[in-house]
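Notes follow once the structure below has been shown.
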Amino acid sequence: MKISIIIPTYREAENLGVLVPYLLHHGGDAICEIIVSDAQSDDDTLAVAASAGARAVTSPIKGRAAQMNHGAALAQGEVFYFIHADSFPPPGYAADIADAIQQGFAIGRYRTKFSGNKWFLALNAFFTRFDLFVCYGGDQTLFITRDLFSSLGGFNASMHIMEDYDMVARAKQKARYRILPKDALVSSRKYDTNSWWRVQYANYCIVQMFKKGASQQEMIERYKNLLRYR
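Count along the sequence shown starting at 1, add 1406, and that's the number in the numbering used here.
Here it is in structure tokens:
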């Protein structure tokens, strides 16, 4: 079984120089490729990715869902592993994914461990061990078999927010979902410019808007108004 890693990016040159070598080193022979699908960054994202050993491509459509679909369309592996540029799976990630698939799980993710030692981030991370809708985001990384991904038509490319939640919700109707009992290290940079309460409130608002059928534009505008991010 071969794994294709797909990383959607925008202005992530600083992170990719560390992440790509880490993934190659710890993935071993199970990793057939790392594809960085970029949203026309104006920094050195593509050059850094290619220099680190990834296949660096520009997505014709901006937006994480469309970028991940573009990467998947180029991928050769039987399993797709979607990773944000500021998230690091544990060292044994390739074996963990292979074991989960052999046990009949066609989609899954890790639990979360945030960078930094603040107690409230540890509290957030604790709840990611549970199968809760609010934990369907892509920060924890997401593996899915090629067959399941294709049967779902990939990510909804019209979505620019909540695309990971939508994918997991649809996939769980067709396949078994696994929460791997290890932690992916997730950047806490969102909390550098926003208070913990502000981030929780923003996330709560967007989840509720999504469940009530709000438009993408309404959710994007609401999120931007609530948070200062990067």
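Using N, Cα and C, we set each Cβ at its ideal position, and we do this for glycine too.
Residue range F1511 to F1520 is occupied by the beta strand (DSSP E) that includes F1520. Of the candidates S1447, K1519 and N1475, S1447 places its Cα closest to the Cα of E1420.
A direct Cα-Cα distance of roughly 5 Å separates Y1416 from A1445.
For V1540, there is no enclosing alpha helix (DSSP H), since its DSSP letter is neither H nor E. I1412 is the residue among I1412, Q1473, G1483 and L1529 whose C-alpha sits nearest the C-alpha of R1461. In the displayed model, P1587 falls within a strand according to three-state DSSP.
Around the CB of Q1623, fewer than 16 other CB atoms lie within 10 Å, so the residue is classed as exposed. Ranked by Cα distance from K1630, the options R1604, T1551, D1572 and D1553 are led by R1604. Around the beta carbon of H1431, fewer than 16 other beta carbons sit within 10 angstroms, so the residue counts as exposed. By a beta-carbon distance limit of 8 Å, M1573 does not contact F1616. Their separation comes to about 13 Å. Setting aside the 5 residues that flank it on each side, L1633 is surrounded in the same chain by N1600 and A1608, each with a C-beta closer than 6 Å to its C-beta; the list follows chain order. A distance below 8 Å separates the beta carbons of C1438 and I1409. Closest in alpha carbon position to V1613, among Y1571, K1580, R1576 and G1559, is Y1571. Judged by DSSP secondary structure, I1612 falls within the alpha helix (DSSP H) whose first and last residues are W1602 to K1617.
With 16 or more other CB atoms across the displayed protein chains lying within 10 angstroms of its CB, L1425 is buried.
For E1439, there is no enclosing alpha helix (DSSP H); the enclosing beta strand (DSSP E) covers residues I1437 to D1444.
Taking the Cα positions, T1451 is about 14 Å away from I1440. For the pair L1586 and A1531, the CB atoms are not nearer than the 8 Å cut-off. If you compare the alpha carbons of L1422, A1479 and V1442 with that of A1563, the shortest gap goes to A1479. Counting other Cβ atoms within 10 Å of its Cβ, F1533 stays below 16 and is therefore classed as exposed.
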